[in-house]
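Under this note's numbering, the first residue of the sequence shown carries the number 412, and numbering increases by one thereafter.
No residue lacks a Cβ here, since even glycine has one placed at the ideal position from N, Cα and C.
Report on the structure given below.
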Amino acid sequence: MSEVKLDEMSWQEAKEYFSRSDTVLLPIGSVEQHGPQNPLGTDYMIAYRLALEASRRTGVAVLPPVPFGVSEHHSRFPGTIWVSEDTLKNYVLDVVRALASHGVKKVIVVNGHGGNLNALRAAALAARREGVLVVVYQWWALPELRSIFSEEELGHAASVETSVNLHLHPHLVKMGKAVDEKPAKLPTDGLGYYPERTDDRVRSGVFGVSTTASREKGERAFQAALEALVKLVETVKSLELRP
């Protein structure tokens, strides 16, 4: 089965799709630094590929990816582009409302960036009050990844993201520039909140170990993430929502 892309349909094809399905996939990520070895678009690129592969397996339509996210903490690194939490929340909610006008009742957000979560939670809660279920999926939260990567390899721009990039688009990864960096501790570690910027903790942008990345580990991680997403999509598709 080929992927189903909403933006490649005509309006008549979209009408036919919405007549038989009330579910869509919305990939969201960020354009932000991912160390000296990875592309700035890592988060939205991975999220989009996961959504496309899940579409091939489930027949659920994929929306164009939302590339920009809540990334101001990376602002000292050139190329990082960010929006506020309120902007992302309102943007996603407006997209959901537009989808609802065509009969969509379930939106599965494939989120590639942890900084987006607060905004997506707020959008999901508001959408639920309006009768639309928005579910947020985050691939890096999978417990299975801990059988592939060590704790030091699971950080931002570390081996896990670098490996998945090597699997999906190796031509964009510069392994000769990969570095390992231990993040500095924050004064409030374990005690409360500190308004951190990335450069408070690392100079390279890499949180942990990235030099151990491999295409093989990336393929294993991507397949595990895809299986979990497909299972979630099938579950959400079958849900009967109460008004």
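Please work out which residues of its chain come closer than 8 Å, Cβ to Cβ, to T469, disregarding the five sequence neighbours upstream and downstream, and give them in chain order. V641, V644, E645, K648
Residue interval of the beta strand (DSSP E) (run including Y548): 544–549
Whose C-alpha, out of E592, L544, G629, S495, is nearest the C-alpha of S558? G629
To the nearest angstrom, report how far apart L597 and L510 are at their CA atoms. 42 Å
Would DSSP call K596 helix, strand or coil? coil
Burial state of T573 (16 or more Cβ within 10 Å): buried
Three-state secondary structure (DSSP) at P581? helix
Exposure of D497, with buried meaning 16 or more beta-carbon neighbours within 10 Å: exposed
Just to confirm before moving on: does the CB-CB distance between K588 and Q448 stay below 8 Å? yes
Assigned exposure category for A569 - 16 Cβ within 10 Å defines buried: buried
Out of A635, V477, K593, which one is the CA nearest neighbour of L553? A635
Nearest-angstrom Cα separation, counted from A535 out to K426: 25 Å
In the structure shown, what three-state DSSP assignment does A568 receive? coil
To the nearest whole angstrom, what separates the beta carbons of P475 and A458, a pair I think is in contact under 8 Å? Wrong, their Cβ atoms sit about 12 Å apart, outside the cutoff.
Based on Cα-Cα distance, which residue from Y502, M412, R614 lies nearest to R467? M412
For S486, which residues in the same chain have their Cβ closer than 8 Å to its Cβ, ignoring the five residues on either side in sequence? W493, R608
Own chain partners of E555 with C-beta closer than 7 Å, once the 5 adjacent residues on each side are dropped: A635
Beta-carbon separation (whole angstroms), L565 vs G619, contact threshold 8 Å: 7 Å
On a Cα-Cα basis, can you pick out the residue from L528, V584, H567 that is closest to D591? H567
Grab me the residues of R460's own chain with a C-beta within less than 7 Å of its C-beta, minus the 5 sequence neighbours each way, in chain order. L579
What residue from W550, S512, E563, L504 has the CA that sits closest to A537's CA? L504
Residue nearest to T434 in terms of C-alpha spacing, selected from K516, E483, V477: K516
With distances taken Cα to Cα, identify the nearest neighbour of V546 among L499, E638, N522, E562. N522
Can you give me the C-alpha to C-alpha distance between S441 and G514, rounded to a whole angstrom? 28 Å
Tell me which same chain residues have a C-beta within less than 6 Å of the C-beta of G490, skipping the five on either side of it? L451
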